[in-house]
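Participant: Please read through the structure below; I'll follow up with questions.
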Amino acid sequence: MAEGWSRVRCRAPGAGEVSLSEDAGMVPSGRRSLKRELKALLEDQARATYDSGRQGRRESAEVPKESSQVIDNDGEDSLDPGFFGRGMGNELRSMLERFQGDLKKVLRSKRKQFVTETNAALRAINQKIGNAVKKQQEQRLKFYHGYYEQFLTLFWEWNRDVQKTKKEEEKLIILFHKQRDLFQKARTVQSQRLRKIKNVYDQFLKDVQSFEENQSCLATNEGKEFRQEMAKLRRKIVADVQRQELANIRKSLQCLLL
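In case it helps, this note's numbering puts the sequence shown at residues 4 to 261.
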């Protein structure tokens with residue numbers, strides 16, 4: 004018995020070869036366990052049918068053997084070998100034809116039974132395969148649906164966080180633009196104030212220089228006037244002292260003369 008039994012052959016005396024074939028490739032190749040189960044079931048079914056066919060052939064083969072023995076025994080006891088003629092040959096030929104017809108009927112019956120049982124087994128196996136595939140599809144659908152729900156929730160939360168981040172980013176961008184505008188305005192104001200301070204400082208330096216020059220001129224003029232006044236005062240004092248001395252001398256002379 005070969006693996007994946009596919010053909011049974013029987014040969015009858017004077018008859019052609021009777022064969023029954025089943026395609027071993029009917030099993031779906033997607034599931035190893037189902038393939039092994041189908042292969043084992045087909046092997047068991049083929050083995051049982053093959054054994055029953057062998058037994059039927061043995062029983063059928065015993066009938067002509069016994070018949071020939073009976074004929075031989077009867078011939079030895081009651082008939083002379085020359086008695087067998089055309090009529091006996093025709094009778095033997097008709098008996099063999101009947102045996103051949105009976106054997107063909109038995110083989111057709113066995114083949115029909117085998118095909119019926121095989122078809123029933125295949126239907127049962129196909130039903131099991133269909134149920135298994137349906138169950139696997141349901142399990143796969145449940146499996147993927149569970150992860151689909153998880154991924155859907157996670158992607159929804161991720162999208163929500165992204166939208167929130169975008170809003171915060173937009174707020175930060177707006178705030179950044181405002182701060183940049185304020186900074187530019189403050190920088191402009193500071194630049195203007197620095198220019199104003201520089202102008203005031205330059206004016207201050209000019210005014211200080213002018214003031215120092217004016218003060219120098221005033222100090223020079225006042226010093227000259229002061230010196231002139233001091234000279235006048237000294238001359239006046241000297242003149243007064245001289246007049247006083249002359250007056251004293253005159254008084255002294257007058258006193259001496261009188």
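Built from N, CA and C at the ideal position, the CB exists for glycine as well.
#1: Should K209 go down as buried or exposed, given a rule of 16 or more other Cβ atoms within 10 Å for buried?
#2: Counting C-beta neighbours from all protein chains within 10 Å, is the total for F207 16 or more, i.e. buried, or is it exposed?
#3: Once the 5 residues before and after A250 are set aside, which same chain residues still bring their CB inside 8 Å of it?
#4: Leaving out five residues before and five after Q245 in sequence, what residues of the same chain have Cβ atoms less than 8 Å from its Cβ?
#5: Can you tell me the Cα-Cα spacing of R198 and D184, whole angstroms?
#6: State buried or exposed for I176, treating a residue as buried only when at least 16 other CB atoms are found within 10 Å of its CB.
Facilitator: Looking at the coordinates:
#1: exposed
#2: exposed
#3: none
#4: none
#5: 21 Å
#6: exposed
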